[in-house]
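Below is one structure; the comments refer to it alone.
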Amino acid sequence: MRLKGKIAFITGASAGIGAATAMAFAQEGARLLLAARRAGKLAQTASRAVDRGAAAVHSISLDVRSRFAVQRAIDELPPEWAEIDILVNNAGLSRGMDKLYTGRIEDWEEMIDTNVKGLLYVARAVVPGMVVRGRGHVVTLGSMAGEMVYPNGAVYCASKAAARTINDGLREDLLGTPVRVTSIDPGLVETEFSQIRFHGDVEKAAKVYKGIKPLTGEDIADAILWAVTRPAHVNIARVSLTSIHQANTLLVHRES
Ligand code: 8X3
19 MRLKGKIAFI TGASAGIGAA TAMAFAQEGA RLLLAARRAG KLAQTASRAV
69 DRGAAAVHSI SLDVRSRFAV QRAIDELPPE WAEIDILVNN AGLSRGMDKL
119 YTGRIEDWEE MIDTNVKGLL YVARAVVPGM VVRGRGHVVT LGSMAGEMVY
169 PNGAVYCASK AAARTINDGL REDLLGTPVR VTSIDPGLVE TEFSQIRFHG
219 DVEKAAKVYK GIKPLTGEDI ADAILWAVTR PAHVNIARVS LTSIHQANTL
269 LVHRES
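Heads up: take any position in the sequence shown, counting from 1, add 18, and you land on my numbering.
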């Protein structure tokens, strides 16, 4: 029960890493503030989190791309939910795998609006309260893609490089406060990620993980839980993790 009494706000909580983090935190007795666009899926995550032991769950249907919706969601939290201890700034996605000079501009907008601007809007709405209360931890979901660009992925990789810089800048700007800032930077994780990238093409998505044992959402949730349960004076700046079958974004070993 290492998160007993703590309020954790998780964006993109309806599936994947967000939902797995909700479960990991639930098992530690956290109070979960869960946000996602898909209300139906979010309700399922919420009910599973209650079964796993969450002290309480409050769900918000939210698209982080809307600056005003994000601010309103935070401003209108019931008082018993307002004092967020942990923010898992997780909502993000990839769209398309194309050469930069032929890419769909709609895909770019969606990635940049979610992975960069959405990340900023949520941090901007939540962090001031942490500073005032003198406690808090911000976890940003970065990616190995933010460390090394791969062909046909320039815009996604750029959005994750931006997340990395934003996370580092936030840590600098919070120096002198007790608020901690961590980036979790995974390689290949098998979630809905590739299906969303390929606009629902399940076969194409499956090929991404063919012949490897990819990381799971639970593996990432485990790293997040570790980072947020260190002693208060320990700030984990970055956790970079891959499957044993991946060395970096360009080098993957596939069993045939
Ligand atoms: C996810 C990692 O390599 O599939 O951010 O882009 S990768």
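Cβ atoms here follow ideal geometry from the backbone N, Cα and C, with glycine treated the same way.
message = Could you check whether the Cβ of S206 sits closer than 6 Å to any heavy atom belonging to the ligand 8X3?
response = It is Leu, not Ser, that sits at residue 206 in the sequence shown. Yes, Cβ of L206 sits closer than 6 Å to a heavy atom of the ligand 8X3.
ask   = L118 lies in the beta strand (DSSP E); which residues open and close that run?
value = From DSSP, L118 is part of no beta strand (DSSP E); its letter is neither H nor E.
message = Just to confirm, is the Cβ distance from G16 to Q45 under 7 Å?
response = In the structure as shown, the chain begins at 19 and stops at 274. Residue 16 is therefore absent and cannot be evaluated.
message = Quick check: what's the CA-CA separation for D219 versus Q213?
response = 6 Å
inquiry  = Using 8 Å as the cut-off, can you tell me whether the region 137–146 makes contact with the region 31–42, which would need three or more C-beta pairs spanning the two stretches below that distance?
reply    = no
ask   = What's the C-alpha gap between I254 and T132?
value = 24 Å
task = Determine the burial state of V157: buried for a count of at least 16 other Cβ atoms within 10 Å of its Cβ, exposed for fewer.
result = V157 counts as buried, since no fewer than 16 other beta carbons sit within 10 angstroms of its beta carbon.
key: Cβ contact (3+ pairs, closer than 8 Å) linking the region 183–196 and the region 154–173   = Segments in contact, yes.
inquiry  = With H, G and I counted as helix, E and B as strand and the rest as coil, what does DSSP make of I254?
reply    = Reduced to three states, the DSSP call for I254 is coil.
query = Which residues in the same chain as T200 place their Cβ atom closer than 6 Å to its Cβ, once the five residues preceding and following it in sequence are excluded?
reply = V157, A245, I254
At least 3 beta-carbon pairs within less than 8 Å: the region 234–243 vs the region 184–191 = no
ask   = Should L52 and A64 be called a contact, given that it needs their Cβ atoms to be closer than 7 Å?
value = yes
task = Please classify M19: is it buried, with 16 or more other beta-carbons within 10 angstroms of its beta-carbon, or exposed?
result = exposed
inquiry  = Taking 7 Å as the limit between beta carbons, can you name the residues of its chain near S77, skipping five residues before and five after?
reply    = L52, L60, A61, A64
task = Return the chain-ordered ranges of every alpha helix (DSSP H) run that is complete within the region 109–165 and spans a minimum of 4 residues.
result = 123–129, 137–151
inquiry  = Could you pull the DSSP bridge partners for S201 from this structure?
reply    = Looking at the DSSP assignment, S201 forms a beta bridge with T158, R256.
request  = Decide yes or no for the touch test of the region 118–135 against the region 159–177: beta carbon pairs closer than 8 Å, at least 3 of them.
outcome  = yes
key: Cβ neighbour criterion (16 or more within 10 Å) applied to K228   = exposed
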